[in-house]
Amino acid sequence: MSTIVRRTVPALVLAGALMMGTTGCLAGENASAESGTDDAGQAQEWSTDTLSLDFATYNPLSLIVRDQGLIEEALGDDVTVEWVQSAGSNKANEFLRAGSIDVGSTAGSAALLARSNGSPIKVIDIYSQPEWSALVVPAGSDITSVADLAGTSVAATPGTDPYFFLLQALETEGLTIADVQLQNLQHADGRAALEAGSVDAWAGLDPIMAAAESESGAELLYRNVDFNSYGFLNATEDFITNHADVAQVVVDAYEEARVWALENPEETAALLAEVADIAPEVASTVITERSNLDVSGIPGDDQLAVLKKIAPVLVESDAVQGGDAAVQAALDSIIEDSFATKAVEAQ
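Reading the sequence shown from the start, the letters are residues -27 to -1, 1 to 320 in mature numbering (1 follows the signal peptide of the UniProt record, and there is no 0).
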């Protein structure tokens, strides 16, 4: 289920004015993102009067950008900003492919899968380097290793990082997805199934996973930070091409939110706790122990290196219709670093 929220007034005012890197003719020369006017005092004319983007509990920066109204402040009253909640990378990709949002949050693996299968998206900013996926079992489970998962029922959300985490974890023991009984459930439903005893294990995602540990004693069966891909902020090619000025505003807001998050980890955790409806201590674990926000927002070689490790898993799992050629084409074209480069330089 998605939640649509319209926001026109910032909930908080971020200390300091919004700093926006100039983008030449694409963003309008001499544009002032803070006031919606140019340096001559004339009203800024944007390339669109609407912007739709997501927020997600697995993307802490999106919560800050939305809560503080950074984009609304930059665009002024002439652009209606529509916020849609994504429950997982698969949902964000569905929204992007359908054109119901212009910008969406996914794991890198999910973005690669989507582009490999023809979705016209590119990554325009990196919002985190998380350890947000692990294999989870209920308290007191007889399952003590990945090898023990053979023949068991496992909940996962196909098309998301936890699903690809599951595939990679199984591979470490010579197993494949065919060796388990996959239950296709959205992340929150996977937790519910685990706690109800409907499945034996769950490929979990934070902050839901951290809440399951704290609230019901769920245990992390298998962790491997290298099997987690980066957090990708993606935009449709149409949006990038035809509304580059607004795309720059979005990425500028993200980079400002990153600076604020690093300076205010407790407040960031409190915001996550509020939106995700989890205990403050659980949110603090997610932010301080499992979410590295102190990474460059510019997508590039670090992210491609991770995706190249995941690519064979996608091909071997038959998740990509065009096979290896389609995945390679996606790897060659998924990066769009110009917006983040300008935003980072402006900080």
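Note that the Cβ used here is the ideal one computed from N, Cα and C, for glycine as well. Given the structure is predicted, the values throughout are model-derived calculations rather than measurements.
**Prompt:** Hey, how far is the Cα of A249 from the Cα of E186?
**Reply:** Straight-line Cα distance between these residues: approximately 15 Å.
Requested in this report: Let me know the secondary structure DSSP gives D40 once reduced to three states.
Outcome: Per DSSP, reduced to three states, the secondary structure at D40 is helical.
Item to complete: Going by CA-CA distance only, name the one from A71, V119, F138, E55 that's closest to S290.
Response: When each option's Cα is compared against that of S290, the closest is F138.
| field | I307: first and last residue of the uninterrupted beta strand (DSSP E) it sits in | value | Per DSSP, I307 belongs to no beta strand (DSSP E) and is neither H nor E.
- In this structure, what does DSSP give as the bridge partners for N98? For clarity, residue 98 is Asp in the given sequence; the question names Asn instead. Bridge partners of D98: L206.
| Through-space distance from I116 to T30, alpha-carbon basis | So the two alpha carbons sit approximately 29 Å from each other.
**Q.** Nearest-angstrom Cα separation, counted from F212 out to D218
**A.** Between D218 and F212, the alpha-carbon positions lie close to 10 Å from each other.
(Q) Residues in the same chain with beta-carbon distance under 6 Å from S92, minus the five sequence neighbours each way, listed in chain order, please. (A) Beyond the five residues adjoining it in sequence on each side, S92 comes within less than 6 Å, by CB distance, of R70 in the same chain, given in chain order.
Q: Can you grab the Cα-Cα spacing for the pair I255 / A128, in whole Å?
A: Position check: residue 255 holds Val in this sequence, whereas Ile was assumed. Each residue's Cα considered, the two are about 22 Å apart.
message: Per the DSSP calculation, Q58 is bridged to which residue(s)?
response: The beta-bridge partner set that DSSP reports for Q58 consists of F28.
Self-check item: E188 and V109 closer than 8 Å at C-beta
Solution: At a Cβ-Cβ threshold of 8 Å, E188 and V109 do not count as neighbours.
Practice item. Tell me whether E228 is buried or exposed, calling it buried when 16 or more other Cβ atoms sit within 10 Å of its Cβ. Key: So E228 counts as buried.
With DSSP as the reference, identify every bridge partner of P131, one or two as the case may be. Answer by DSSP bridge pairing: none, since P131 is not bridged.
Nearest-angstrom Cβ-Cβ length linking A204 and A80, presumed shorter than 8 Å:
Reading off the sequence, residue 204 comes out as Gly, not Ala. In this structure, G204 and A80 form a Cβ contact; the two beta carbons are roughly 7 Å apart against a cut-off of 8 Å.
* With a threshold of 16 other CB atoms inside 10 Å of the CB of L24, please say whether the residue is buried or exposed. => It is buried - the Cβ of L24 has at least 16 other Cβ atoms within 10 Å.
Short of 8 Å in beta carbon distance, which residues of its chain neighbour A243, apart from the five on each side in sequence? Order them along the chain. Same-chain partners within the cutoff: P253, A256.
- Item | Chain-order list of residues whose beta-carbon lies under 6 Å from that of V76 (same chain, five-residue window excluded) | Only L26, A208, V223 meet the Cβ criterion.
At which residues does the alpha helix (DSSP H) containing E240 begin and terminate? Its alpha helix (DSSP H) spans residues 238 to 249.
query: At a cut of 8 Å, does the segment 49 to 63 reach the segment 154 to 163 through at least three beta carbon pairs?
result: Touching, per the Cβ criterion.
Task: Straight-line Cα distance separating A112 from S126 - done: Spanning the two alpha carbons is a distance of roughly 16 Å.
_Helix, strand or coil for V219? Go by DSSP, reduced to three states._
Reduced to three states, the DSSP call for V219 is helix.
Check: From this set, G296, E18, P238, which residue's C-alpha is nearest L34's C-alpha?
Finding: Comparing Cα-Cα distances from L34 to each of G296, E18, P238, the minimum goes to P238.
_Report the CB separation of L206 from D98 in whole angstroms; it is logged as a contact under 8 Å._
Their Cβ separation, rounded to whole angstroms, is 4 Å, which keeps L206 and D98 in contact under 8 Å.
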